[in-house]
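Chemist: Oh and the sequence shown: position 171 is 170 in numbering that gives the first Met the number 0, straight run, nothing missing.
One structure coming up, written as structure tokens, with questions to follow.
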Amino acid sequence: MTISPSTTGETTDLQLPHELIERVQQASTALELLQATQALAAAAHPAAAPCLVDVLGFNNPGAAVAAVDGLIALGPQAVEPILDNLDGYNYGARAWAVRALAGIGDVRGLEVLEEALAQDIGPSVRRAAARGLGQLQMQGLEEAPRTALAERCLRALEASCGDGEWVVRYAVVVGLESLAARLHATSELRPRLRQALEGLRQSPPEATAVVRLRAEQALQRLEARHG
């Protein structure tokens, strides 16, 4: 017996563009947009990416969160649609795009993450960028480009060790520890990375204690793994 797609509960290729995307485009209330975006994100179909990127600029935080989650779930397939539609005039859309790129961890998002960490006015965006720079997926790269990529990530994180917001400095610690896991045991970048963590661990007493403690924890973990 042949089971029709409608009885399986799965979204078909035809349903996606003609139903789910259309629902997003025709949503007339914030709730409708949220629900339509959640359904589109749950479809996990590459064709959803451009529409999900559009949602980032709709001034609906709930729908934007759902769109970011959907883009992250799509992974590398979503990177080009995000980069091709970055809106330099819509701060909210760009901020959400940074969060999506950070969550995906594709190396093509490096430049956007570098710029966000160095220049974005929003601490939450800088925090996402710092975490993202530590989580870029470098496997499969040759040694030379892998080292160059890691050095750029490290340089960006080093430059933000003195960020005025403790949540960003905390994220820098997380990013540095994550980056360390992607470096070879003999990498010449390791001493610099440890020095950056040591500087955060030895922050002045008036600095936020949680950042110092997190840096201490990161250093202890690195010592346990690599000595």
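For glycine and all other residues, C-beta sits at the position ideal for the given N, C-alpha and C.
This structure is a prediction, so every number in the text was calculated from the model and none was measured.
If we ignore side chains and look at the alpha-carbon of each, how far apart do Ala47 and Thr185 end up?
Modeler: About 42 Å.
Chemist: For Arg220, which residues in the same chain have their Cβ closer than 8 Å to its Cβ, ignoring the five residues on either side in sequence?
Modeler: Around Arg220: Glu176.
Chemist: Whose C-beta lies closer than 6 Å to the C-beta of Val166 among residues of the same chain, with five residues either side of it excluded?
Modeler: Pro122, Arg126, listed in sequence order.
Chemist: Go ahead and label Gln134 buried or exposed: buried means 16 or more other beta carbons lie within 10 angstroms of its beta carbon, across all protein chains shown.
Modeler: That one is buried.
Chemist: Counting Cβ pairs, one atom from each stretch, are 3 or more of them under 8 Å apart for the region 82-99 and the region 47-57?
Modeler: Counting Cβ pairs under 8 Å, three or more are found: they touch.
Chemist: Below 6 Å CB to CB, which residues in the same chain sit around Glu164 once its five sequence neighbours on both sides are set aside?
Modeler: So the qualifying residues of the chain are Pro122.
Chemist: Report the rounded CA-to-CA distance for Leu182 versus Arg193, giving the unit in angstroms.
Modeler: C-alpha separation (whole angstroms): 12 Å.
Chemist: Quick check: what's the CA-CA separation for Pro49 versus Ile20?
Modeler: About 10 Å.
Chemist: Residue ranges of each alpha helix (DSSP H) run of no fewer than 4 residues wholly in the region 103-191, ordered along the chain?
Modeler: The qualifying runs are 109-118, 122-133, 142-158, 165-179.
Chemist: Are the beta-carbon atoms of Asp83 and Ala40 separated by less than 8 Å?
Modeler: No, Cβ-Cβ distance for Asp83 and Ala40 is not below 8 Å.
Chemist: Under three-state DSSP, which class holds Gln25?
Modeler: In the structure shown, Gln25 sits in a helix (DSSP, three-state: H, G or I).
Chemist: With a threshold of 16 other CB atoms inside 10 Å of the CB of Val209, please say whether the residue is buried or exposed.
Modeler: Exposed is the call here.
Chemist: For Tyr90, which of helix, strand or coil comes out of DSSP?
Modeler: DSSP places Tyr90 in helix when its eight states are reduced to three.
Chemist: Counting contacts by CB-CB distance shorter than 8 Å, is Leu153 in contact with chain C?
Modeler: Structure shown: chain C not included; a single protein chain is present.
Chemist: Using the Cα positions of Gln24 and Leu51, report the straight-line distance between them to the nearest angstrom.
Modeler: Going by the C-alpha atoms only, they are around 10 Å apart.
Chemist: Which residues in the same chain as Arg107 place their Cβ atom closer than 6 Å to its Cβ, once the five residues preceding and following it in sequence are excluded?
Modeler: The answer, listed in chain order, is Val78.
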